[in-house]
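Asks: Numbering (the working numbering), first residue to last: 280 to 1265.
Cβ atoms here follow ideal geometry from the backbone N, Cα and C, with glycine treated the same way.
1) Would DSSP call residue 860 helix, strand or coil?
2) Mind checking which residues open and close the beta strand (DSSP E) that includes residue 554?
3) Can you tell which of 903, 701, 861 and 922 has its C-alpha closest to the C-alpha of residue 813?
4) Which residues in the same chain have their Cβ closer than 8 Å to the Cβ of residue 1024, if we skip the five residues on either side of it in sequence?
5) To the nearest angstrom, how far is the alpha carbon of residue 630 from that of residue 694?
6) Mind checking residue 1011: buried by the 16 CB within 10 Å criterion, or exposed?
7) Which of helix, strand or coil does DSSP assign to residue 339?
8) Quick one, which of 928, 471 and 524 has its alpha-carbon nearest residue 561's?
9) If distances are taken between C-alpha atoms only, which option among 550, 298, 992 and 516 comes closest to residue 576?
10) Note down, in chain order, each residue of its chain lying with its Cβ closer than 6 Å to the Cβ of residue 861, except the 5 sequence neighbours on either side.
11) Of the residues 925, 923, 924 and 910, which one's Cα is nearest the Cα of residue 939?
12) Which same chain residues, not among the five before or five after residue 1177, have their C-beta less than 7 Å away from its C-beta?
13) Going by DSSP in three states, residue 798 sits in which element: helix, strand or coil?
14) Check this for me: beta carbons of residue 983 and residue 956, under 7 Å apart or not?
15) For residue 710, does the three-state DSSP call read helix, strand or coil?
16) Return the residue from the list 807, 785, 433 and 993 that minimises the CA-CA distance to residue 794.
17) With three or more beta-carbon pairs closer than 8 Å as the criterion, would you say the stretch 514–525 touches the stretch 478–486?
18) Rank 311, 317 and 310 by C-alpha distance to the C-alpha of residue 299 and give the top, closest one.
19) Quick one, which of 1239, 1125 and 623 has its alpha-carbon nearest residue 1203's?
20) In terms of alpha-carbon separation, which member of 582, 1135 and 1116 lies closest to residue 1150?
21) I'd like the span of the alpha helix (DSSP H) that includes residue 500, first residue to last.
22) Is the number of C-beta pairs between the stretch 1151–1169 and the stretch 1113–1127 that are closer than 8 Å three or more?
23) Who are the Cβ neighbours of residue 1339 in its own chain at under 8 Å, not counting the five residues just before and after it?
24) What's the C-alpha gap between residue 364 and residue 554?
25) Thinking just about the alpha-carbon of each residue, which of 1009, 978, 1005 and 1006 is nearest to the one in residue 995?
26) When you compare only the Cα positions, how much space is there between residue 990 and residue 1081?
27) Taking the beta carbon of residue 567 as the centre, do at least 16 other beta carbons fall within 10 Å, making it buried, or is it exposed?
28) Per DSSP, what kind of secondary structure is residue 333 in: helix, strand or coil?
29) According to the Cβ coordinates, are residue 819 and residue 852 closer than 7 Å?
30) Verify the contact flag: residue 611, CB atom, against every heavy atom of the ligand GDP, threshold strictly below 6 Å.
31) Name the DSSP beta bridge partners of residue 378, please?
32) With 16 other CB atoms within 10 Å as the buried threshold, where does residue 295 fall?
33) Cα separation between residue 536 and residue 521?
34) Quick one: what does DSSP say residue 542 is sitting in, helix, strand or coil?
35) Tell me which residues share the same chain as residue 665 and place their Cβ nearer than 6 Å to its Cβ, disregarding the 5 neighbours each side in the sequence.
36) Pull up the CB-CB distance for residue 850 and residue 874, whole angstroms please, since I reckon it's below 8 Å.
See below:
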């Protein structure tokens, strides 16, 4: 008996899950046994036996009273109230109740004298729960921070739409979702709610979020229909998690994913309305211990998640929902309505709303009209898709058109935006003249505006979200969600004149919202908000200059954020539309073409970028009347593409032409735009192997930028970085290290530590440190740089490949041959795959592999590979290029290793002469070649020449590196000789 008295059964409806678990935990923490019972009055018959079974549980019974009774129809509610009056008096000594609803309670529930828990501090609520459960106050308080979070306390990180108070039913589906997540334990899980449009997937996910919010510390809702919107919204989680946003969207997304993957805090991510291919969103799906909930109609998500099919309502759910939505309907009428639309939740919601708003309409006639499926009777041309939808919606829009004209006009305007999140806030902040006059007056009066939106929501069942007004004294509508099916229907019935009229207004609203500065991080969320509305508003085909400027700003935002695939897609569409309408030489067309080539280049599609760039330049030249700046931009862009393709001489020619034109047209050599082109020219000259010439130009640009922009401007820092890079390639290691050390520190101070230019500065600092012999620092620095790039871009990005190529050879120098070879081979393969087998970077990377093979004893194979790469490099860049000479040096070392000293000496003499002619007698490559030649000549008996060469090499080496450089003796003795290929940044 004592055990029974000590037991407490906690009874709750499904929507009270978080409260029930918290109450259960408090009772168990006080030392009592408990049983949790989920009790659904909607699914049980309203009979005394249903309660008698419940009351047979031992000990006390604690009822958790929420607003479940609001979900019952009138008749069912009265039946349950009668059951309560019959059964409860005999058990009053065992039953207590707590209330977690702010709604007025019916008389039958008030008789239980429920104790209010909402609005209390956790410790007060705990005391009341224990008192109701018949448990004396404990002498020692239990820490409330342990166990489930107090349900009135929201999750630490929260972003989700407000709860739908009209939600009803779906108990088994919610339990199935919860069970799937729970079964995964600490491994985490992803679930996709799968079903056609209109079946209530979003509302089911929303109810899960609110019902089980107590299970999570982080809840984040993402609107996933548009990839760019989804990525931006996911990245907005960063500051809430304490993750810095370094500017690049991909990097921020990866940083958020890492945080979610590693955190011990339970989290839930919802991807709502994932209409595209799953692969488009997988990069925002973490793999940690949390939960991911997707709503979608695409079965392909089954390859990535557990799937739960969302069917139409069960009939009893339909009837209860309709009765709650429109209480003038009888149970029989509600059932007939549900049958007419086959229990589809979206239609039931909208039809019940219409019947509720038009109390004089005959329910029977309405149901008959829906059942017949004849939209033409109501002025709507049948589309062949969903005739029953169309009949219901035809009645709905006719009601708006005839009885609520402001709401009808507003609906026409809203249909010209993307349906997923209609930008109500943008309409409120639009200029008065941008809106149709009657809507402008509506927006100007907040009460009329909110009233029209509420009326629209009531009749069409569009979901609205509220926010605090700037004056903090009222709530105003911030966003509105329109179902995509309904959005498509409204667009289909608009007349051509209405489409033109309201689309023009929508475009004006978007233009007003354009911050006109896509480089500022503070504006990025706004551009992400605007992009989904470009297509439905007709902005991508507009002839208006302001609208086209908006589109170009959106493309530039995508470039700034590193969203190159989305930028390519948008710029390609724009180029196709605008070129056809405005011609090849229109300014906006040319900017869009430039961006298209840029996006192609950034995504590694160099040959397509070249095709676009060449075609654009050809069109401009043939036009004859092209503005000089357009030719300058076209040549500069094509030059960048050709550099990436390894065609350095042609790139240099284009940059020289562009720089000369820019100097003549823009005000001289030292204006910012001209300096940028001259900087590209200096890079191209360096890629030609003319390091001294490149260094001189980089220094002049650096000095001009210091005077023009200051020493801490990002462009100035980039010039200093290139200067140090060229000094290092010229063998002036100590000066290069001094400049790069300072440059790297200033980069970290002025730009973000994860900024791409800062990472490149750290990369060069690691290379400089390696060349002066500080291998440990170089290793730590370069490993860190590579890890950043892998997290940010992945293995295949050009920056990652460049660093991986250098890192492999650093590992080799530190004696980590196996690791070095694996990385060198994979990098060489990726360069060949991306750029072609004959590209200088692919050839140089393979030559690095030959060096590691020689170290590992594969002498003959290394020699053959080295011979092959030397020949290929000479074909690609010419015999006198430092890369070709460096490959020859490695071939000489391979010949010496297999004992072919005669061939090594002959090739060494020829290579040393070439190096002296190209790089000078004091360059490290020339010195090392002559030091190796001295050893070969000595072995062949030509000791006098050998000694002279060795003495000269030793003197020059000491002057260049210093007497104490750790690698000077290795070079003189040809100990482990090598020249490693370093890809250059473009």
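Replies: By the coordinates alone:
1) Position 581 of the chain shown, counted from the first residue, corresponds to residue 860. DSSP places residue 860 in helix when its eight states are reduced to three.
2) One-based indexing of the chain shown puts residue 554 at position 275. Unbroken run through residue 554: none, as it is neither H nor E.
3) Residue numbering aside, residue 813 sits at position 534 when the chain shown is read from its first letter. Of 903, 701, 861 and 922, the residue nearest in Cα terms is 701.
4) In the chain shown, residue 1024 corresponds to position 745, counting from 1. Correct list: empty, nothing qualifies.
5) For this step, residue 630 is matched to residue 351 along the chain shown. For this step, residue 694 is matched to residue 415 along the chain shown. Going from the Cα of residue 630 to the Cα of residue 694 covers about 20 Å.
6) On the chain shown, residue 1011 is found 732 positions in, with the first residue counted as 1. With 16 or more Cβ atoms within 10 Å of its Cβ, residue 1011 is classed as buried.
7) Against the chain shown, residue 339 aligns to sequence position 60. DSSP places residue 339 in strand when its eight states are reduced to three.
8) On the chain shown, position 282 is the one that residue 561 refers to. Per the Cα distances, 471.
9) Sequence index remark: in the chain shown, residue 576 carries index 297 (1-based). Residue 550 is the option with its Cα nearest to residue 576.
10) As a working note, residue 861 is residue 582 in the chain shown. Result list for residue 861: 868, in chain order.
11) By 1-based counting over the chain shown, the position of residue 939 is 660. Answer by Cα proximity: 910.
12) In the chain shown, the residue the question calls residue 1177 occupies position 898. 1138, 1139 and 1142, listed in sequence order.
13) Within the chain shown, residue 798 is the residue found at index 519, counting from 1. Looking at residue 798 - three-state DSSP - the assignment turns out to be coil, as it is neither helix nor strand.
14) As a working mapping, residue 983 is identified with position 704 in the chain shown. As a working mapping, residue 956 is identified with position 677 in the chain shown. No, the pair does not count as a contact, with Cβ atoms beyond the cut-off.
15) To locate residue 710, count along the chain shown from 1; it is residue 431. DSSP places residue 710 in coil when its eight states are reduced to three.
16) Sequence index remark: in the chain shown, residue 794 carries index 515 (1-based). Closest by alpha carbon: 807.
17) Inter-segment contact for the stretch 514–525 and the stretch 478–486 is absent: fewer than three beta-carbon pairs are separated by less than 8 Å.
18) What you label residue 299 is simply residue 20 of the chain shown in a count that begins at 1. When each option's Cα is compared against that of residue 299, the closest is 317.
19) Residue numbering aside, residue 1203 sits at position 924 when the chain shown is read from its first letter. Looking at the Cα atoms, 1239 is the closest of the given residues.
20) The residue given as residue 1150 occupies position 871 in the chain shown. It is 1116 whose Cα lies nearest to the Cα of residue 1150.
21) The sequence position of residue 500 within the chain shown is 221, counting from 1. No alpha helix (DSSP H) contains residue 500, which is instead part of the beta strand (DSSP E) from 497–502.
22) yes
23) Residue 1339 falls outside the range modelled here, since the chain spans only 280 to 1265, and no answer is possible.
24) Locating residue 364 in the chain shown gives position 85, counting from the first residue. Locating residue 554 in the chain shown gives position 275, counting from the first residue. C-alpha separation (whole angstroms): 50 Å.
25) Translated into positions along the chain shown, residue 995 becomes position 716. Comparing Cα-Cα distances from residue 995 to each of 1009, 978, 1005 and 1006, the minimum goes to 978.
26) Translated into the one-based positions of the chain shown, residue 990 becomes position 711. Translated into the one-based positions of the chain shown, residue 1081 becomes position 802. Taking the straight line joining both Cα atoms gives about 27 Å.
27) The residue given as residue 567 occupies position 288 in the chain shown. Label assigned to residue 567: buried.
28) Position 54 of the chain shown holds residue 333. In this structure, residue 333 counts as helix in the three-state DSSP scheme.
29) Numbered from 1 along the chain shown, position 540 holds the residue referred to as residue 819. Numbered from 1 along the chain shown, position 573 holds the residue referred to as residue 852. A contact, by the Cβ cut-off of 7 Å.
30) Of ligands this structure carries none, so the ligand GDP is not represented either.
31) Walking along the chain shown from the start, residue 378 turns up at place 99. DSSP lists 344 and 395 as partners of residue 378.
32) Here residue 295 refers to the residue found at position 16 of the chain shown. Under this definition residue 295 is a buried residue.
33) One-based indexing of the chain shown puts residue 536 at position 257. One-based indexing of the chain shown puts residue 521 at position 242. Their backbone Cα atoms lie some 13 Å apart in a straight line.
34) In the chain shown, the residue the question calls residue 542 occupies position 263. Residue 542 falls in the coil class under three-state DSSP.
35) Translated into positions along the chain shown, residue 665 becomes position 386. Any reading at residue 665 must be qualified, since the residue scores a pLDDT of 47, below 50, and its modelled position is unreliable; the value itself is stated next. Taken in chain order, the list of residues that qualify is empty.
36) Residue 850 sits at position 571 when you count from the first residue of the chain shown. Residue 874 sits at position 595 when you count from the first residue of the chain shown. At roughly 5 Å, the Cβ-Cβ gap stays under 8 Å, so residue 850 and residue 874 are in contact.
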